[in-house]
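In what follows, a structure is listed as structure tokens, so that the remarks can point back to it.
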Amino acid sequence: MNGTLIIIIVALVVIVAAILVIVIMQNSMRNMFSMMRDSQEQFRDHTAEQIRLYQSANVEQVKLLAETNEKKLEEMRRSVSDGLDSIRSETDRKLTEIKSTVDEKLQTTLERRITESFKNVSDQLEQVYKGLGEMQALANDVGGLKKVLSGVKTRGILGEVQLAAILEEILAPGQYDTNVATVPGSSDRVEFAVRLPGSGDESVVYLPIDSKFPGERYAQLKDAQESGDRSAIDAAYKSLEYVIKQEAKDIHDKYIFPPYTTNFGIMFLPFEGLYSEVVNRGLVEELQRSFQINIAGPSTMAALLNSLQMGFKTLAIQKRSSEVWEVLAAVKTEFETFEGALNKMKTHLNQTSDDLEKLIGTRTRAMQRKLRGIHTLEKITEDDIFYDIDTMENTGEEI
12 MNGTLIIIIV ALVVIVAAIL VIVIMQNSMR NMFSMMRDSQ EQFRDHTAEQ IRLYQSANVE
72 QVKLLAETNE KKLEEMRRSV SDGLDSIRSE TDRKLTEIKS TVDEKLQTTL ERRITESFKN
132 VSDQLEQVYK GLGEMQALAN DVGGLKKVLS GVKTRGILGE VQLAAILEEI LAPGQYDTNV
192 ATVPGSSDRV EFAVRLPGSG DESVVYLPID SKFPGERYAQ LKDAQESGDR SAIDAAYKSL
252 EYVIKQEAKD IHDKYIFPPY TTNFGIMFLP FEGLYSEVVN RGLVEELQRS FQINIAGPST
312 MAALLNSLQM GFKTLAIQKR SSEVWEVLAA VKTEFETFEG ALNKMKTHLN QTSDDLEKLI
372 GTRTRAMQRK LRGIHTLEKI TEDDIFYDID TMENTGEEI
């Protein structure tokens with residue numbers, strides 16, 4: 012709409028400009044007519060003056076002059092009329108062209124703007140229809156999820172699957188068991204139990220972990236909070252507290268049995284919102300005190316399992332420390348043996364180096380001594396040279 016308004020304003024400006032041009036041209040024509048009238052009056056006055064001057068001289072000349080002036084005036088009128096007709100025709104033609112151009116531009120722009128506007132409206136309607144379809148699909152999905160969560164068994168499976176995913180991500184398969192009868196002779200089986208080391212080398216103490224999801228009570232609490240009804244909120248809180256306490260008592264009675272298990276268990280709540288409501292109501296301390304049950308949400312369960320994992324690693328290091336000391340003792344013995352062999356080898360190498368140094372020095376000095384006297388001897392045999400060397404070695408004489 013803004014673009015269309017701008018085009019209309021531009022067209023009006025062009026029309027006003029054309030009208031101003033016409034008005035200016037009309038004013039020019041009026042000025043021209045005024046000048047012509049002034050020229051005619053001046054010419055008449057001049058003619059009358061000439062007539063008065065020459066009236067007495069030559070009447071024929073005056074008549075001829077009058078005719079000549081009349082012809083000139085007629086020619087001037089004709090020329091001015093032709094010029095005005097030409098100006099009028101040119102003005103009409105220009106106005107027609109301006110009008111045609113303005114109409115064409117206005118029509119084209121209006122059609123384009125209208126087409127674009129309809130296209131935008133169509134696209135927006137299509138997006139609205141698409142959004143409505145997605146909202147309908149989302150509503151169906153929410154309805155399906157609500158149906159799924161409405162069943163007690165289904166809610167339990169949901170929490171169990173989430174707890175299993177957390178355990179698989181943090182602990183090794185051998186560090187926990189599933190569906191374990193933690194109490195000897197009992198048919199009650201806990202969903203998950205972490206294997207903790209007992210007093211003996213092979214004994215195991217279980218830490219029971221069970222998932223609970225009172226979805227119906229939690230949904231009632233959220234509905235009451237949205238409505239803002241204080242009495243409904245208090246009633247929903249009391250109902251949720253009662254269910255949580257019953258579930259904690261159930262875990263304590265079924266799965267906790269020292270010394271086969273720890274003296275406490277863990278109740279896993281699969282949603283952070285539910286966990287926050289339980290914590291805010293101060294149930295954590297009460298459940299620990301009354302039923303030896305700790306509450307854990309998804310994030311706190313991950314932190315707890317990470318702490319247990321660090322404990323497992325520390326325990327493994329402690330168990331293997333004796334083996335490490337045995338290996339280090341064997342390495343120490345082997346190192347001492349290696350050091351003795353290395354020292355013996357060093358002694359042999361030093362003795363060999365001394366013998367080699369003595370041999371090289373003695374023989375070299377003997378040969379140099381014999382070579383210094385070579386200009387005075389006629390012939391020295393090889394036996395003489397080595398005889399002298401052997402004699403010097405036996406007597407210890409230095410060369």
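Taking this note's numbering, the leading residue of the sequence shown gets 12, the next gets one more, and so forth.
Don't be surprised by glycine CBs; every beta carbon is placed ideally from N, CA and C.
CB of residue i within 7 Å of CB of residue j, strictly
| i | j | result |
| --- | --- | --- |
| residue 232 | residue 243 | no |
| residue 200 | residue 186 | no |
| residue 181 | residue 280 | no |
| residue 313 | residue 220 | no |
| residue 222 | residue 202 | yes |
| residue 119 | residue 18 | no |
| residue 193 | residue 217 | yes |
CA-to-CA distance, residue j to residue i, given in whole angstroms
| i | j | result |
| --- | --- | --- |
| residue 274 | residue 255 | 19 Å |
| residue 357 | residue 376 | 28 Å |
| residue 126 | residue 28 | 30 Å |
| residue 271 | residue 289 | 29 Å |
| residue 263 | residue 305 | 11 Å |
| residue 124 | residue 87 | 54 Å |
| residue 26 | residue 108 | 11 Å |
| residue 320 | residue 208 | 13 Å |
| residue 191 | residue 241 | 43 Å |
| residue 276 | residue 145 | 44 Å |
| residue 58 | residue 103 | 39 Å |
| residue 30 | residue 114 | 16 Å |
| residue 318 | residue 309 | 15 Å |
| residue 311 | residue 237 | 27 Å |
| residue 387 | residue 361 | With a pLDDT of 48 at residue 387, under the threshold of 50, the predicted position of this residue should be treated as unreliable, though the coordinate-derived value follows. When rounded, the distance between both Cα atoms is 41 Å. |
| residue 48 | residue 94 | 16 Å |
| residue 101 | residue 76 | 37 Å |
| residue 134 | residue 183 | 54 Å |
| residue 137 | residue 131 | 10 Å |
| residue 355 | residue 348 | 11 Å |
| residue 204 | residue 198 | 15 Å |
| residue 97 | residue 83 | 21 Å |
| residue 214 | residue 300 | 28 Å |
| residue 20 | residue 33 | 20 Å |
| residue 175 | residue 261 | 21 Å |
| residue 179 | residue 227 | 28 Å |
| residue 74 | residue 53 | 19 Å |
| residue 117 | residue 106 | 16 Å |
| residue 141 | residue 129 | 18 Å |
| residue 63 | residue 80 | 16 Å |
| residue 91 | residue 78 | 20 Å |
| residue 359 | residue 352 | 11 Å |
Buried versus exposed call for residue i [16 or more other C-beta atoms within 10 Å across all chains shown]
| i | result |
| --- | --- |
| residue 172 | exposed |
| residue 307 | buried |
| residue 153 | Its pLDDT being 48, under 50, residue 153 is placed unreliably by the model, and the measurement read from it follows with that caveat. Exposed is the call here. |
| residue 85 | exposed |
| residue 225 | buried |
| residue 46 | exposed |
| residue 302 | buried |
| residue 258 | buried |
| residue 35 | exposed |
| residue 235 | buried |
| residue 41 | exposed |
| residue 55 | exposed |
| residue 143 | exposed |
| residue 156 | Its pLDDT being 48, under 50, residue 156 is placed unreliably by the model, and nothing is read from it. |
| residue 196 | exposed |
| residue 286 | buried |
| residue 229 | buried |
| residue 23 | exposed |
| residue 322 | exposed |
| residue 170 | buried |
Proximity test, Cβ basis, 7 Å: residue i and chain C
| i | result |
| --- | --- |
| residue 115 | Given the protein chain composition of this structure (a single chain), no chain C is represented. |
- Task: For the segment 170 to 249, list the alpha helix (DSSP H) runs that are entirely contained and at least 4 residues long, ordered along the chain.
- Result: Listed in chain order, they are 226 to 238.
- Message: Below 8 Å, how does it come out for the segment 262 to 271 and the segment 280 to 297: are there three or more Cβ pairs, yes or no?
- Response: The answer is no - the segment 280 to 297 does not touch the segment 262 to 271, with fewer than three Cβ pairs under 8 Å.
- Query: Taking the runs of the beta strand (DSSP E) that are 3 residues or longer, which of them lie wholly in the segment 258 to 319?
  - Reply: Runs found: 276 to 279 and 304 to 307.
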